[in-house]
Structure formats: structure tokens, C-alpha cells
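Down below is the structure, laid out as C-alpha cells.
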Amino acid sequence: MAPPSYSDLGKQARDIFSKGYNFGLWKLDLKTKTSSGIEFNTAGNSNQESGKVFGSLETKYKVKDYGLTLTEKWNTDNTLFTEVAVQDQLLEGLKLSLEGNFAPQSGNKNGKFKVAYGHENVKADSDVNIDLKGPLINASAVLGYQGWLAGYQTAFDTQQSKLTTNNFALGYTTKDFVLHTAVNDGQEFSGSIFQRTSDKLDVGVQLSWASGTSNTKFAIGAKYQLDDDASVRAKVNNASQVGLGYQQKLRDGVTLTLSTLVDGKNFNAGGHKIGVGLELEA
Numbered sequence: 054m055a056p057p058s059y060s061d062l063g064k065q066a067r068d069i070f071s072k073g074y075n076f077g078l079w080k081l082d083l084k085t086k087t088s089s090g091i092e093f094n095t096a097g098n099s100n101q102e103s104g105k106v107f108g109s110l111e112t113k114y115k116v117k118d119y120g121l122t123l124t125e126k127w128n129t130d131n132t133l134f135t136e137v138a139v140q141d142q143l144l145e146g147l148k149l150s151l152e153g154n155f156a157p158q159s160g161n162k163n164g165k166f167k168v169a170y171g172h173e174n175v176k177a178d179s180d181v182n183i184d185l186k187g188p189l190i191n192a193s194a195v196l197g198y199q200g201w202l203a204g205y206q207t208a209f210d211t212q213q214s215k216l217t218t219n220n221f222a223l224g225y226t227t228k229d230f231v232l233h234t235a236v237n238d239g240q241e242f243s244g245s246i247f248q249r250t251s252d253k254l255d256v257g258v259q260l261s262w263a264s265g266t267s268n269t270k271f272a273i274g275a276k277y278q279l280d281d282d283a284s285v286r287a288k289v290n291n292a293s294q295v296g297l298g299y300q301q302k303l304r305d306g307v308t309l310t311l312s313t314l315v316d317g318k319n320f321n322a323g324g325h326k327i328g329v330g331l332e333l334e335a
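In my numbering, the protein residues as written are 54 to 335.
Following this line, the structure appears as C-alpha cells:
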């Protein structure tokens, strides 16, 4: 099995702090699949503070015989997105994709060509935006050996002929434990730990510090599986913000998520946030 992409390093810990929380939103997600294999994903949310409503519709169609996937997406900001991807055709583990965005109102459009390759001990990703003035080239690679992971990520601006990103990462992973550390542009240092302490309890820790400042960010979170259909989540950071979440599977294809964010430093002042999410799948 190939190592994860650079962007997925430490994902297990990040999921502890992000999944199952919808602070300040009323959220609805609907997923369905036709008999011909076309997948539809409709999502919408309403911001409780601003009242802004945002929605999106995504369709995905796969031609398995040719390793081809066609994805199209539209949102209420009137932005159109299209991606055509081919995987495992020219070479096992190689994925080629071409994506584009278009905003009809402003006329803004951009495109990107992406290449990803995964092998037993290496995962490499690269993308180039389509810009005649000079593209921006992003590249990353992760090497894995006996649970150890080492990654590097860079970006090269051809217009200015210089590197704009210089990130390093190091980690160790097992079935129930993941350690991840990273240095971004020599300025920001971060680390995370994920551990599955039992079949029902997952725990995550995040830590970050930026040079030139005395601010250190720290957070700890956990997810506990009550039974096959219900789970609770909790997280707290050094800013005394406490997040709580509850997820319940009401029936097959229907999942309700409730969450709240409490500001411990200003408990009596109010301003706490709640979130409600409903996922439907048919």
C-alpha cells in the first residue's frame, strides 16, 4: 500500500477536530446514485450569523473499464467546476487529471493539470495551473518505510523564478497510532498525535508554534462510539474554546449531527455557537 499524499499526512488527527462539527450552520447533505452509476451530491448550508445560504450540486460518473471519472460541480456563487481523471491506465498507480473553474458573471476562469503516482514506498503529486504568463508548479513527495514517513512539498513560481513554498514533514504510523510533525517555510512548526485507545475511543492532539511570536496553539480532542449508530465528540484548545458534538444514525441513510462551540473565556457574554447537520443517502 502506498503512503498517503503530503496533504493527507496527519489526517487522522485533523479529522478528530473537524468531522462532526458544524458550528454556526444549518447544514443539509444529500447523496444518491442512479441505476446507471451517476452519483449526485447536493449540499446546502445557512450561516446563522449572516443568514447567507450556500448550496452546491455535484455529479460524478465513472467508466470503470477505462479508469475514467468525470466530475462536474456548480454552486450558488455561480462557479462551475469540471474534472476529468484517468487512473491506472498508462501505469499502475498513476492518475492523470485535468480540472477547470469558470465564473460566468466575472468571466474568471482557470485550469490545472494534475499528476499523482503511488507505489509501495512512495507517493508523488504534482500540479501545474494553466497560465500563459507563467504557471505555478506545485510538487510533493512522501516516502514510507516500515511505518516511517518523510515528506517534502514545494511550489515554484515560473513568473518570478523562485520557490514560494518549502515544507518538510516527518511521521510514524501504525494501525492504532499516528505521529506527524511538519515545518512550513521554516516559520511554522506543528505536530499532531492520533491514537485509537480502544475499539470505541479515538484521541487526537494538535500543537503548533510560529517563529517570531510567543503564541503556541494547543488542542486535544476525542471521539467515543456509544454504539453502532451513535457517537459523541469533544475538543478543547488553549483559547478555552470547547466544542461538543453528537451524531446519531436515525435510520439507514439518515444521520443527524448536533454540535456546539462554547467560549470558556467569555461564558457569560454569550456568542456561543450551535450547529445542526442532516445527512441523507439513498
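Just so you know, even glycine gets a beta-carbon here, dropped at the ideal spot from N, CA and C.
Exercise. Whole alpha helix (DSSP H) runs in the segment 262-315 with 4 or more residues, listed along the chain?
Worked result: Not a single unbroken stretch of the alpha helix (DSSP H) spanning 4 or more residues falls wholly within the segment 262-315.
For this session: Using the DSSP secondary-structure output, state which residues sit across from E332 in a beta bridge.
Result: Looking at the DSSP assignment, E332 forms a beta bridge with D82, T308.
Exercise. Of all the options Q240, F221, K228, which has the alpha carbon lying nearest to the alpha carbon of T234?
Worked result: Nearest C-alpha to T234: F221.
Exercise. Do the CB positions of G77 and E111 come within less than 8 Å of each other?
Worked result: In this structure, the beta-carbon distance from G77 to E111 does not fall below 8 Å.
Exercise. Would Y225 be called buried (16 or more neighbouring beta carbons within 10 Å of its own) or exposed?
Worked result: Answer is exposed; the Cβ neighbour count stays below 16.
Exercise. According to DSSP, is Y74 helix, strand or coil?
Worked result: Three-state DSSP puts Y74 in coil, outside helix and strand.
For this session: Grab me the residues of K113's own chain with a C-beta within less than 6 Å of its C-beta, minus the 5 sequence neighbours each way, in chain order.
Result: Same-chain partners within the cutoff: E92, T124.
For this session: Compute the Euclidean distance between the alpha carbons of V256 and G197, then round it to the nearest angstrom.
Result: Counting only the Cα atoms, G197 lies some 24 Å from V256.
Exercise. Taking the continuous beta strand (DSSP E) assigned at T124, which residues delimit it?
Worked result: If you look at T124, you'll find it in the beta strand (DSSP E) that goes 121-128.
Exercise. Using the C-alpha atoms, what's the distance from K270 back to V315?
Worked result: Looking at the backbone, the Cα of V315 and that of K270 are separated by about 17 Å.
Exercise. Exposed or buried, which one is Y119 when buried takes at least 16 other CB atoms within 10 Å?
Worked result: When all chains shown are included, Y119 counts as exposed.
For this session: Just tell me which of E173, L309, V106 has its CA closest to the CA of E145.
Result: If we check each option's Cα against that of E145, E173 comes out closest.
Exercise. Nearest to N291 by CA position, among R67, Q158, Q206, W262, is which residue?
Worked result: When C-alpha distances from N291 are compared across R67, Q158, Q206, W262, the shortest belongs to W262.
Problem set entry | Reduced DSSP secondary structure (H/G/I, E/B, other) of D118 | Looking at D118 - three-state DSSP - the assignment turns out to be helix.
Exercise. Counting only runs that start and end within the segment 189-274, where is the beta strand (DSSP E) found for 3 or more residues in a row?
Worked result: Whole beta strand (DSSP E) segments, 3+ residues: 189-198, 201-210, 215-226, 230-237, 241-249, 254-263.
Exercise. How is the beta strand (DSSP E) around K105 delimited, first residue to last?
Worked result: Note, K105: premise wrong, no beta strand (DSSP E); not H, not E.
For this session: Would you kindly report the start and end of the unbroken beta strand (DSSP E) that includes K318?
Result: Counting along the chain, K318 falls outside any beta strand (DSSP E), and DSSP gives it neither H nor E.
Problem set entry | A169 in three-state terms, based on DSSP | Strand, per DSSP.
For this session: Identify, in the order they occur along the chain, each residue of the same chain with its Cβ nearer than 8 Å to the Cβ of L331, setting aside the five sequence neighbours on each side.
Result: Cβ neighbours of L331 beyond the five flanking positions: K80, L81, D82, V307, T308, L309, T310.
Problem set entry | Span separating the alpha-carbon of D61 from that of A156 | Each residue's alpha carbon lies about 29 Å from the other.
Exercise. Exposed or buried, what is R304 when buried is set at 16 or more other beta-carbons lying within 10 Å of its beta-carbon?
Worked result: Under a 10 Å Cβ-count criterion, R304 is classified as exposed, with fewer than 16 other Cβ atoms of the shown protein chains found around its own Cβ.
For this session: Using the Cα positions of T132 and Q300, report the straight-line distance between them to the nearest angstrom.
Result: Straight across, the Cα-Cα distance linking T132 with Q300 is about 31 Å.
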